[in-house]
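Protein sequences appear in the order of chains E and H.
To convert, note that position 115 of the first sequence is 115 in this note's numbering; the numbers rise steadily by one, no gaps.
Convert by adding 1000 to the 1-based position in the second sequence; the result is the number in this note's numbering.
All C-beta atoms, glycine included, are put in the ideal place defined by N, C-alpha and C.
Working notes, structure below.
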Amino acid sequence: MQFSIQREALLKPLQQVVGVVERRQTLPVLANLLVKVADGKLTLTGTDLEVEMVASTPAEQLADGETTIPARKLFDIVRALPDGARIDLKLNGERAALNAGRSRFTLATLPSSEFPTIEEIELVEKVSLPEEVLRDLMESTAFAMANQDVRYYLNGMLLDLQEHSLRCVATDGHRLALKETQLDSQVSTRRQIIIPRKGVNELVGLLETGDGQVELEFGRNHLRVRRGDVVFTSKLIDGRFPDYEAVIPLGADKQANVDREVLRGALQRAAILSNEKYRGVKLEFSPSRLRIMAHNPEQEEAVEEVEAETPVSDLSVGFNVGYLLDALAALHGEKVRLNLRDAQSSCLVQENDNDQSRHVIMPLRL
Amino acid sequence: MDAFYASVEQRDDPALRGRPVVVAWRGARSVVCAASYEARKFGVHSAMPAVRAERLCPQAIFVPPDFSRYKAVSRQIRAIFARHTDLIEPLSLDEAYLDVTVTKTGLPSATATAEAIRAAIREETQLTASAGVAPNKFLAKIASDWRKPDGLFVVRPAQVEAFLTPLPVGRLPGVGKVMEARLAELGIATVGDLRALGMIELERRFGRWGHRLHELSRGFDEHPVQPDRPSLQISSEDTLEQDVPLEQLQPHVVRLAGKTWAAYQRESDRVARTIVLKLKTSDFRTLTRSLTPRVLPASASELAELAWGLHLRVDLPAGTRYRLVGVGLAGLVDRDNHVAQSELFDMAVAPS
């Protein structure tokens, strides 16, 4: 196996795959990247057995073959080489020789036969959508995923594929984020899959803005995303996502429209004096006005007043200010609408002119 | 107080005076609550199985405990303490720390105060007490054992190092059998050895605890006397009639959860955050498992369910039998400081 490539051309696919490699592995070979030359191109693969990332790039002076090379070391070397350096890599027996200008490195390898790859995913459904849209859907919801919750099915993101739409949903049990988009193609049956947290993070890191298309392949136990020269595959979480539609409030008849940036600024300031642990703020609604209050154990106090288009009076609800700020950051548009019922019920936050993006936040009993 | 429960029994029944007395419930499974000094000569001590005490001292008179009388005496001695200071930190019915830096009586020294208190106790309760006088709590506690019974021992600031140096490390608070063994491996038997090892080495080996050990070895203890320290845990426990395997403890857990819950209901202004399951094996190993759920239990049965769930985290060999089980609620905080985040989904929170 042999190839020659310019530093920058190698650095990009390396960056795309190296993030998948865990710092601590269960198998030695998982610390390595699969490096393969075939069909006139160079292909790099990283895996942690749950998420696999494959990136390919054209290269010169190719000799077919494959091996595995320590991922972190290869990445650190390539990154540290001078701009524009030409890199030659060649497999010599059990060693890989990397030469660039006057630099020479000899790296240990492990046989490629030991490297686990995901081949067939038993395709059940396939949709295509703009890369930028998928990125926005995932970025607008990923923050709400649970982290190491005993309810393992919350430690990831639900992709809810419906007849004409795709929804991304994430929740940690206290708040929920949802964003949906219409699909050009029609889907035969509704499918719900849960991508694990790590897969979500790697995928968001891979997706870029721009007008490219990505292919989403729903497999029986995997999701595969094809984007140009990169193929992302993640195992799915085998579990049932809770009935999220049931917790999106319908009877929240008390509404307030507020300027998004003004509300965000007021909440950020009030947050400074909220209890560090619970981060509670109290929202008090009265006609045309929203008052935000926070206090901490030191008895310091913040009061903010914001103009609001609302007829609501005599309603006071507590929330974790972090959840409100996360939701506002994920929304676009000038105005947001808060939909509430009472101090015990959840609040639905959305843009005031559409419901593509919805955030449900449970109150904090202060 | 000296041999407190046993002394109260001897005071109230002249026939018991001068004879070995053991305060313990009847029954094959009971443990000794207290032993008079006459009984201690035979090697009987509190917390020992009553059966063993009987074997060691067959002539001992066994008396069942009567806590109402002990509590009455306890109130009497606290009233005596209160004449001298309000800074009283009770440790049990018959033990307390007193901060006598400033006293209500204006007696010239801590030693004089201790003597006055001991004299009043003798006068008013016809019982004897021992006292330790020292610059801090941990030294006072060690000193109070020094001249028992009916004694007083004073450790002046200048004597602290000399007093501590020959003491076995096991006398330091927090140093149990395990720690003692680990220190012995390092060739450390006395507090003086510990001090010689130095702070850096102790911290390197034992982390923050090493730092504390070093402070103790030099006689430092900054913990103030804390009057009215509220109990940090509400719990109920039972020694069982017979040692039983883990799986058979469930009905006991349910019963004890009910008792704990009832006691917890009387706590109107505090909220518990942690559930504790306590077990003691037939060979007297104590273990606890705890859980701080996001959603607190709302009934005795929910408490029982969560507490019983903790038994899955006990990893002793399958044949292990248990002699004691307890269910507790810990991490009590003022209700005002407790903020509850509501849940989106109605899901039972199972311990993992």
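Legend entry - Proximal residues, the segment 1301-1335 of chain H versus chain E, C-beta separation under 9 Å: none
Inset, instruction - Give the C-beta separation of Ala-294(E) and Ser-316(E) to the nearest angstrom, bearing in mind that I take them to be a contact with Cβ-Cβ under 8 Å. - result: Along the first sequence, read from residue 1 onward, the residue named residue 294(E) stands at position 294. Along the first sequence, read from residue 1 onward, the residue named residue 316(E) stands at position 316. That pair is no contact at about 13 Å.
Legend entry - Whole-angstrom distance between Glu-1095(H) and Asp-1002(H), CA atom to CA atom: Numbered from 1 along the second sequence, position 2 holds the residue referred to as residue 1002(H). Numbered from 1 along the second sequence, position 95 holds the residue referred to as residue 1095(H). If you take the alpha carbons of Asp-1002(H) and Glu-1095(H), they lie about 10 Å apart.
Inset, instruction - Can you give me, in chain order, the residues of the segment 297-322 of chain E that have a beta carbon less than 9 Å from any beta carbon in chain H? - result: Pro-297, Gly-318 and Asn-320
Inset, instruction - Return the CA-CA distance between Arg-1156(H) and Lys-1177(H), expressed in angstroms with no decimal places. - result: Reading the second sequence from its first residue, position 156 is the one you call residue 1156(H). Reading the second sequence from its first residue, position 177 is the one you call residue 1177(H). So the alpha carbons of these two residues sit roughly 29 Å apart.
Inset, instruction - List the DSSP bridge partners of Tyr-1322(H). - result: If you number the second sequence from 1, residue 1322(H) lands on position 322. According to DSSP, which records beta bridges pairwise, Tyr-1322(H) is partnered with Val-1244(H) and Thr-1281(H).
Legend entry - Which of helix, strand or coil DSSP assigns to Arg-95(E): If you number the first sequence from 1, residue 95(E) lands on position 95. In this structure, Arg-95(E) counts as strand in the three-state DSSP scheme.
Inset, instruction - Check the Cβ-Cβ distances between Ala-1340(H) and every residue of chain E, and say whether any is below 8 Å. - result: Start at 1 with the first residue of the second sequence, and residue 1340(H) comes out as number 340. Yes, because at least one Cβ of chain E sits closer than 8 Å to the Cβ of Ala-1340(H).
Inset, instruction - From the DSSP output, in three-state form, read off Ile-1234(H) for me. - result: For this step, residue 1234(H) is matched to residue 234 along the second sequence. Three-state DSSP puts Ile-1234(H) in a strand.
Legend entry - Contained beta strand (DSSP E) runs [length at least 3] in the segment 1006-1079 of chain H, N- to C-terminal order: 1021-1024, 1032-1035 and 1061-1063
Legend entry - Extent of the continuous alpha helix (DSSP H) to which Asp-136(E) belongs: Residue numbering aside, residue 136(E) sits at position 136 when the first sequence is read from its first letter. Residues 131-139.
Inset, instruction - Name the two residues that bound the continuous beta strand (DSSP E) containing Leu-1287(H). - result: As a working mapping, residue 1287(H) is identified with position 287 in the second sequence. Looking at the DSSP string, the run of the beta strand (DSSP E) that includes Leu-1287(H) is 1286-1291.
Inset, instruction - Express the C-alpha separation of Gly-40(E) and Tyr-244(E) in angstroms, rounding to a whole number. - result: On the first sequence, position 244 is the one that residue 244(E) refers to. On the first sequence, position 40 is the one that residue 40(E) refers to. Each residue's Cα considered, the two are about 47 Å apart.
Legend entry - Three CB pairs or more closer than 8 Å across the segment 1240-1256 of chain H and the segment 1198-1215 of chain H: no
Inset, instruction - Just mark Asp-1117(H) as buried or exposed, buried being the case when its beta carbon has 16 or more other beta carbons within 10 Å. - result: As a position in the second sequence, residue 1117(H) is number 117, starting the count at 1. For the record, residue 1117(H) in the displayed sequence is Ile; it is not Asp. Ile-1117(H) is buried by the Cβ-count criterion.
Inset, instruction - With DSSP as the reference, label His-332(E) as helix, strand or coil. - result: Locating residue 332(E) in the first sequence gives position 332, counting from the first residue. Looking at His-332(E) - three-state DSSP - the assignment turns out to be coil, as it is neither helix nor strand.
Legend entry - Partner residues on chain E for Ser-1277(H), Cβ-Cβ distance less than 9 Å: Position 277 of the second sequence, counted from the first residue, corresponds to residue 1277(H). At residue 1277(H) the sequence reads Leu, which differs from the Ser that was named. Residues of chain E passing the Cβ test: none, with the nearest at roughly 18 Å.
Legend entry - Entirely enclosed beta strand (DSSP E) segments - the segment 252-302 of chain E, minimum 3 residues: 254-259, 280-286 and 289-295
Legend entry - Chain-ordered neighbours of Leu-1296(H) on chain E, where CB pairs are closer than 9 Å: Taking the second sequence and counting its residues from 1, the one referred to as residue 1296(H) is at position 296. Result: empty, since nearest Cβ-Cβ is about 12 Å, beyond 9 Å.
Inset, instruction - Decide yes or no for the touch test of the segment 23-32 of chain E against the segment 101-121 of chain E: beta carbon pairs closer than 8 Å, at least 3 of them. - result: yes
Inset, instruction - Return helix, strand or coil for Asp-88(E), following the three-state DSSP convention. - result: Here residue 88(E) is taken as the residue at index 88 of the first sequence, counted from 1. Three-state result, Asp-88(E): strand.
Legend entry - Residue nearest to Gly-19(E) in terms of C-alpha spacing, selected from Met-53(E), Phe-105(E) and Cys-168(E): In the first sequence, counting from the first residue as 1, residue 19(E) sits at position 19. Per the Cα distances, Met-53(E).
Inset, instruction - With DSSP as the reference, please indicate the residues paired to Tyr-323(E) in a beta bridge. - result: Stepping through the first sequence from its first residue, residue 323(E) is reached at position 323. Partner(s): none; Tyr-323(E) has no beta bridge.
Inset, instruction - Could you tell me the distance, in whole angstroms, from the CA atom of Val-21(E) to the CA atom of Phe-75(E)? - result: Indexing the first sequence from 1 puts residue 21(E) at position 21. Indexing the first sequence from 1 puts residue 75(E) at position 75. In a straight line, the C-alpha of Val-21(E) is about 11 Å away from that of Phe-75(E).
Legend entry - Enclosing beta strand (DSSP E) for His-174(E) [first to last residue]: Position 174 of the first sequence, counting from 1, holds the residue named residue 174(E). No beta strand (DSSP E) contains His-174(E), which DSSP labels as neither H nor E.
Inset, instruction - Report the partner residues of Asp-160(E) according to the DSSP bridge assignment. - result: As a first step, residue 160(E) is located in the first sequence; it is residue number 160 there, counting from the start. Per DSSP, Arg-167(E) and Gln-192(E).
Inset, instruction - State the Cα-Cα distance for the pair Ala-1348(H) and Arg-1285(H), rounded to the nearest angstrom. - result: Here residue 1348(H) refers to the residue found at position 348 when the second sequence is read from its first residue. Here residue 1285(H) refers to the residue found at position 285 when the second sequence is read from its first residue. No answer about Ala-1348(H) holds up, because its pLDDT of 42 lies below 50 and its placement is not dependable.
Legend entry - Nearest-angstrom Cα separation, counted from Lys-90(E) out to Val-17(E): Translated into the one-based positions of the first sequence, residue 17(E) becomes position 17. Translated into the one-based positions of the first sequence, residue 90(E) becomes position 90. In a straight line, the C-alpha of Val-17(E) is about 20 Å away from that of Lys-90(E).
Legend entry - Backbone CA spacing between Ser-345(E) and Ala-1131(H) [nearest angstrom]: Your numbering for residue 345(E) matches position 345 in the first sequence. Your numbering for residue 1131(H) matches position 131 in the second sequence. Straight-line Cα distance between these residues: approximately 59 Å.
Inset, instruction - Determine the chain E residues that contact Thr-1345(H) at a beta-carbon separation under 7 Å, and present them in chain order. - result: Numbered from its first residue, the second sequence carries residue 1345(H) at position 345. Checking the sequence, you will find Phe at residue 1345(H) rather than Thr. Ordered by position in chain E, the residues that pass the 7 Å Cβ test against Phe-1345(H) are Gly-173, Pro-242 and Val-247.
Inset, instruction - Taking Met-362(E) as the query, report the chain H residues whose CB atoms sit under 9 Å from its CB, ordered along the chain. - result: Here residue 362(E) is taken as the residue at index 362 of the first sequence, counted from 1. Those within 9 Å of Met-362(E) in chain H are Gln-1341, Ser-1342, Glu-1343 and Leu-1344.
Legend entry - Given Glu-1161(H) as reference, the closest of Leu-1139(H), Glu-1203(H) and Phe-1153(H) once Cα atoms are compared: By 1-based counting over the second sequence, the position of residue 1161(H) is 161. When each option's Cα is compared against that of Glu-1161(H), the closest is Leu-1139(H).
Legend entry - Minimum Cβ-Cβ distance from Arg-72(E) to chain H less than 8 Å: To locate residue 72(E), count along the first sequence from 1; it is residue 72. False, the Cβ-Cβ gap to chain H never drops below 8 Å.
Legend entry - Coil, strand or helix - Gln-1159(H) by DSSP: As a position in the second sequence, residue 1159(H) is number 159, starting the count at 1. The answer is helix: DSSP assigns Gln-1159(H) an H, G or I state.
Legend entry - Beta-carbon gap between Ala-308(E) and Leu-331(E) smaller than 8 Å: Taking the first sequence and counting its residues from 1, one reaches residue 308(E) at position 308. Taking the first sequence and counting its residues from 1, one reaches residue 331(E) at position 331. Cβ distance not < 8 Å, so Ala-308(E) and Leu-331(E) don't count as in contact.
Inset, instruction - Give a yes or no on whether the minimum CB-CB distance between Leu-250(E) and chain H is below 8 Å. - result: Sequence index remark: in the first sequence, residue 250(E) carries index 250 (1-based). With 8 Å as the cut-off, Leu-250(E) does not count as an interface residue toward chain H.
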